[in-house]
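S.K.:
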Amino acid sequence: GTAQIGVTGLAVMGRNLARNFARNGFTVALHNRTASKTRALADEFGDEGTFIAAESAEEFVAALERPRRLIIMVKAGDPTDAVIEEFAPLLEEGDVIIDGGNAHFADTRRREKDLRERGIHFVGVGISGGEEGALHGPSIMPGGSPESYASLGPLLERIAGKAKDGTPCSTHIGPDGAGHFVKMVHNGIEYADMQLIAEAYHLLRSVAGYSPAKIAETFRTWNTGRLDSYLIEITAEVLAHTDEATGKPFVDVVVDQAEQKGTGRWTVQIALDLGVPVSGIAEAVFARSLSGHAALREASASLPGPVAAPLSEAEAERFAGQVEQALYASKIVSYTQGFHQIQAGSEEYGWNVDLGAVASIWREGCIIRAAFLDRIREAYDTRADLPSLLSDKQFAEEIGAAQEDWRAVVAAAVHQGVPTPGFAASLSYYDALRAERLPAALTQGQRDFFGAHTYRRTDREGSFHTLWGGDRSEVTG
Ligand code: 6PG
3 GTAQIGVTGL
13 AVMGRNLARN
23 FARNGFTVAL
33 HNRTASKTRA
43 LADEFGDEGT
53 FIAAESAEEF
63 VAALERPRRL
73 IIMVKAGDPT
83 DAVIEEFAPL
93 LEEGDVIIDG
103 GNAHFADTRR
113 REKDLRERGI
123 HFVGVGISGG
133 EEGALHGPSI
143 MPGGSPESYA
153 SLGPLLERIA
163 GKAKDGTPCS
173 THIGPDGAGH
183 FVKMVHNGIE
193 YADMQLIAEA
203 YHLLRSVAGY
213 SPAKIAETFR
223 TWNTGRLDSY
233 LIEITAEVLA
243 HTDEATGKPF
253 VDVVVDQAEQ
263 KGTGRWTVQI
273 ALDLGVPVSG
283 IAEAVFARSL
293 SGHAALREAS
303 ASLPGPVAAP
313 LSEAEAERFA
323 GQVEQALYAS
333 KIVSYTQGFH
343 QIQAGSEEYG
353 WNVDLGAVAS
363 IWREGCIIRA
373 AFLDRIREAY
383 DTRADLPSLL
393 SDKQFAEEIG
403 AAQEDWRAVV
413 AAAVHQGVPT
423 PGFAASLSYY
433 DALRAERLPA
443 ALTQGQRDFF
453 GAHTYRRTDR
463 EGSFHTLWGG
473 DRSEVTG
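One rule links them: number in the UniProt record's numbering = place in the sequence shown (from 1) + 2.
(1) Does the distance from the CB of glycine 340 to the CB of valine 280 come in under 8 Å?
(2) Kindly indicate the opening and closing residues of the alpha helix (DSSP H) around isoleucine 344.
(3) What residues in its chain sit with their C-beta under 6 Å from that of isoleucine 86, if we drop five residues either side in the sequence?
(4) Taking 7 Å as the cut-off, does the CB of residue 485 come closer than this to any heavy atom belonging to ligand 1?
(5) Skipping 5 residues on each side, what residues in its chain have a beta carbon closer than 7 Å to that of glutamine 271?
(6) If you count every other CB in all the chains shown that lies within 10 Å of the CB of valine 335, and 16 or more means buried, which is it?
(7) Going by alpha carbons, who is nearest to glycine 11 out of Gln197, Ser428, Arg160 and Ala20?
(8) Roughly how many angstroms lie between the CA atoms of glutamate 192 and serine 475, to the nearest whole one?
(9) Go ahead and pull the three-state DSSP assignment for arginine 71.
(10) Could you please give the first and the last residue of the uninterrupted beta strand (DSSP E) stretch that includes alanine 55?
(11) Does the contact criterion of 3 or more C-beta pairs under 8 Å hold for the stretch 222-241 versus the stretch 452-464?
(12) Taking all protein chains shown into account, decide if lysine 185 is buried (16 or more other Cβ within 10 angstroms of its Cβ) or exposed.
(13) Do you know whose CA, among Ile129, Glu133, Asp83 and Glu88, lies nearest glutamate 114's CA?
(14) Just list the alpha helix (DSSP H) runs in the stretch 205-248, keeping only unbroken ones of 4 residues or longer that don't cross its boundaries, in chain order.
(15) Name the residue from Tyr212, Ile54 and Gln343 whose alpha carbon lies nearest to the alpha carbon of alanine 273.
(16) Can you tell me where the alpha helix (DSSP H) holding serine 362 begins and where it ends?
(17) For threonine 40, report the span of its alpha helix (DSSP H) as first-last.
(18) I need the straight-line Cα distance from phenylalanine 47 to alanine 37, nearest angstrom please.
(19) Could you check if threonine 226 is buried or exposed, using at least 16 other CB atoms within 10 Å of its CB as the buried criterion?
(20) I'd like the span of the beta strand (DSSP E) that includes aspartate 101, first residue to last.
(21) Following the continuous beta strand (DSSP E) through alanine 31, name the residue where it begins and the one where it ends.
(22) On the three-state DSSP scale, how would you describe valine 477?
(23) Can serine 130 be considered in contact with ligand 1, in the sense that its beta carbon sits closer than 7 Å to one or more heavy atoms?
(24) Which term fits proline 312, buried or exposed, when burial requires 16 or more other beta carbons within 10 angstroms of its beta carbon?
(25) Taking 7 Å as the cut-off, is the CB of glycine 264 close to at least one heavy atom of ligand 2?
(26) With a threshold of 7 Å (Cβ to nearest heavy atom), would cysteine 368 be considered close to ligand 1?
(27) Just grab the DSSP bridge partners of proline 144 for me.
(28) Count the other C-beta atoms from every protein chain shown that fall within 10 angstroms of the C-beta of glycine 472, then say buried if there are 16 or more, exposed otherwise.
(29) Identify whether leucine 388 lies in helix, strand or coil by the three-state DSSP scheme.
(30) Check whether the Cβ atoms of threonine 220 and alanine 322 sit closer than 8 Å, and answer yes or no.
(31) Looking only at its chain, what residues have a beta carbon closer than 8 Å to the beta carbon of arginine 377, apart from the 5 residues adjacent to it on each side?
(32) Verify the contact flag: glutamate 192, CB atom, against every heavy atom of ligand 1, threshold strictly below 7 Å.
(33) Mind checking threonine 40: buried by the 16 CB within 10 Å criterion, or exposed?
(34) Kindly list the residues whose CB is nearer than 6 Å to the CB of glutamate 326, restricted to its own chain and excluding five residues on each side of it in sequence; keep chain order.
(35) Just the Cα atoms here: how many angstroms apart are phenylalanine 107 and alanine 162?
(36) Grab the span of the beta strand (DSSP E) containing residue 2 for me, first residue to last.
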């Protein structure tokens with residue numbers, strides 16, 4: 003075979019990825035369950051590069067140079083297993099199967115182990131950036147063996163987005179499921195970023211009394227500063243858009259129930275298992291879920307709320323500045339929590355993930371791309387064993403400088419009855435981490451009272467129990 007890479011599954015992500023490889027000079031073998039799609043793609047985009055349209059699985063495999071590299075771009079779950087089983091028997095030792103879907107990392111671990119035992123490399127790759135990213139340069143998060151990256155990495159780095167300093171946004175994340183795990187956390191952070199932006203919008207609308215068009219302007223301004231990011235940029239576009247049919251702001255004609263395909267939910271489920279407090283990300287997932295409970299919302303619509311006094315123009319402007327601070331501070335917290343989860347996953351599974359490299363490949367191509375990520379990369383490059391992003395000197399200084407305004411915004415939201423679960427949870431996380439003493443001591447006392455669960459003391463080693471039902475003397479536990 004002569005194709006350096008093969009793509010099977012030619013829905014929009016697969017198509018665009020195949021075209022991206024071809025445009026970068028690679029010969030690309032194409033395969034799809036419905037063969038007519040394969041031919042159509044090769045015909046339509048044949049002038050972009052060299053495609054080999056394969057009619058059958060056997061033809062597809064035969065078209066690939068060895069070691070074969072074939073990317074599966076089908077739905078996560080059973081369809082992925084079915085396609086793996088279709089191709090694995092046709093492959094030879096050292097060939098590489100790549101899963102570019104949004105697979106659960108536990109599935110990737112299972113598949114990698116199974117195929118490794120059959121002599122085949124299995125690489126679970128997180129790909130971010132949507133359709134446009136796939137075509138023009140996504141952020142790529144490959145797991146799998148280091149040998150597989152040696153064969154695959156140069157191709158991925160060629161088609162990946164490039165950071166401003168030229169660094170490709172692809173790097174070997176770590177063995178087996180590491181790539182899909184990091185993509186999962188990327189999506190958890192994506193949910194949090196989106197929720198925080200939505201809260202900022204809600205506050206500017208309800209408390210400051212701004213129109214969607216004015217909020218679009220505000221976001222455009224923020225996008226020239228430290229919040230410079232893809233998500234802020236597209237938010238301004240969405241808010242500035244007018245619905246053609248009604249002439250109303252587009253955002254006012256869309257049903258206010260957020261959906262999800264599940265990667266944000268996975269992030270929180272796994273965080274609970276790992277014991278990592280990702281409260282901001284969790285609130286983002288719950289906020290989507292709450293919005294979808296139409297009947298519950300309907301049944302609660304007449305519950306009383308505060309009577310809000312409108313702000314003057316000058317007050318509104320001042321408030322908007324405070325919201326920018328609250329948004330930035332909460333964003334630092336989401337990333338702190340997300341990177342903590344990657345660190346914990348890396349320790350649990352022995353992946354040895356380089357957190358600075360993760361920040362580096364999120365700088366371009368992906369949905370959460372932002373100027374901010376360069377700063378995170380710097381923080382981890384300065385100190386690879388940074389216990390938390392909040393312990394980086396610069397981030398600590400910035401969040402410290404924002405905290406007064408952050409509190410004012412959360413207080414205003416509470417006073418005015420505007421829900422800000424993301425801002426509030428992030429602020430609580432910040433306050434809990436900096437607290438000298440937490441009421442967890444009382445929780446321990448309660449546990450010991452009703453269940454003799456024991457506690458540790460501040461002044462002596464060991465575990466202790468108080469005889470609560472007796473003379474309340476203390477015994478060692
Ligand atoms: C990306 C995105 C993408 C994801 C959805 C999010 O990084 O390109 O994260 O992979 O599938 O766009 O989907 P939901 O909001 O439906 O969960």
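Glycine included, C-beta positions come from ideal geometry on N, C-alpha and C.
M.R.: Well, looking at it:
(1) The count along the sequence shown starts at 1 and reaches residue 340 at position 338. The count along the sequence shown starts at 1 and reaches residue 280 at position 278. Cβ atoms of glycine 340 and valine 280: closer than 8 Å.
(2) The residue labelled residue 344 in the question sits at position 342 within the sequence shown. Looking at the DSSP string, the run of the alpha helix (DSSP H) that includes isoleucine 344 is 315-351.
(3) Your numbering for residue 86 matches position 84 in the sequence shown. Cβ neighbours of isoleucine 86 beyond the five flanking positions: none.
(4) Any question about residue 485 goes unanswered here, given that the chain covers just 3 to 479.
(5) Start at 1 with the first residue of the sequence shown, and residue 271 comes out as number 269. None.
(6) Against the sequence shown, residue 335 aligns to sequence position 333. Result: buried.
(7) Translated into the one-based positions of the sequence shown, residue 11 becomes position 9. Considering only alpha carbons, the answer is Ala20.
(8) Here residue 192 refers to the residue found at position 190 when the sequence shown is read from its first residue. Here residue 475 refers to the residue found at position 473 when the sequence shown is read from its first residue. Each residue's alpha carbon lies about 51 Å from the other.
(9) In the sequence shown, residue 71 corresponds to position 69, counting from 1. Correct three-state label for arginine 71: strand.
(10) Taking the sequence shown and counting its residues from 1, one reaches residue 55 at position 53. Note, alanine 55: beta strand (DSSP E), 53-55.
(11) no
(12) In the sequence shown, the residue the question calls residue 185 occupies position 183. Counting Cβ neighbours within 10 Å, lysine 185 comes out buried, since at least 16 surround it.
(13) Locating residue 114 in the sequence shown gives position 112, counting from the first residue. Ranking the options by Cα distance to glutamate 114, first place goes to Asp83.
(14) 214-224 and 232-242
(15) Along the sequence shown, read from residue 1 onward, the residue named residue 273 stands at position 271. Nearest option by C-alpha distance: Gln343.
(16) To locate residue 362, count along the sequence shown from 1; it is residue 360. Element bounds for serine 362: 357-363.
(17) Mapped onto the sequence shown, residue 40 falls at position 38. Where threonine 40 is concerned, the enclosing alpha helix (DSSP H) stretches over 37-47.
(18) As a working note, residue 47 is residue 45 in the sequence shown. As a working note, residue 37 is residue 35 in the sequence shown. When rounded, the distance between both Cα atoms is 16 Å.
(19) Counting from one through the sequence shown, the residue named residue 226 turns up at place 224. Threonine 226 comes out exposed.
(20) The residue given as residue 101 occupies position 99 in the sequence shown. That run of the beta strand (DSSP E) goes 98-101.
(21) As a first step, residue 31 must be located in the sequence shown, where it is residue number 29. Element bounds for alanine 31: 30-33.
(22) Residue numbering aside, residue 477 sits at position 475 when the sequence shown is read from its first letter. Residue state, collapsed to three classes: strand.
(23) On the sequence shown, residue 130 is found 128 positions in, with the first residue counted as 1. Yes, Cβ of serine 130 sits closer than 7 Å to a heavy atom of ligand 1.
(24) Along the sequence shown, one-based indexing puts residue 312 at 310. Proline 312 is exposed by the Cβ-count criterion.
(25) Judged by which ligands are present, ligand 2 is missing from the structure shown, whose ligands are ligand 1.
(26) Locating residue 368 in the sequence shown gives position 366, where the first residue counts as 1. At least one heavy atom of ligand 1 is nearer than 7 Å to the Cβ of cysteine 368, so yes.
(27) The count along the sequence shown starts at 1 and reaches residue 144 at position 142. The partner list for proline 144 (beta bridge, DSSP) reads Val127.
(28) If you number the sequence shown from 1, residue 472 lands on position 470. Classification for glycine 472: exposed.
(29) In the sequence shown, the residue the question calls residue 388 occupies position 386. Looking at leucine 388 - three-state DSSP - the assignment turns out to be coil, as it is neither helix nor strand.
(30) Your numbering for residue 220 matches position 218 in the sequence shown. Your numbering for residue 322 matches position 320 in the sequence shown. For threonine 220 and alanine 322, yes; Cβs fall inside 8 Å.
(31) By 1-based counting over the sequence shown, the position of residue 377 is 375. Cβ neighbours of arginine 377 beyond the five flanking positions: Gln396 and Phe397.
(32) Reading the sequence shown from its first residue, position 190 is the one you call residue 192. Indeed, a heavy atom of ligand 1 lies less than 7 Å from the Cβ.
(33) Position 38 of the sequence shown, counted from the first residue, corresponds to residue 40. It counts as buried.
(34) Position 324 of the sequence shown holds residue 326. The residues are Trp224.
(35) Here residue 107 refers to the residue found at position 105 of the sequence shown. Here residue 162 refers to the residue found at position 160 of the sequence shown. The straight-line gap from Cα to Cα measures roughly 21 Å.
(36) With the chain covering 3 to 479 only, the question about residue 2 has no answer from this structure.
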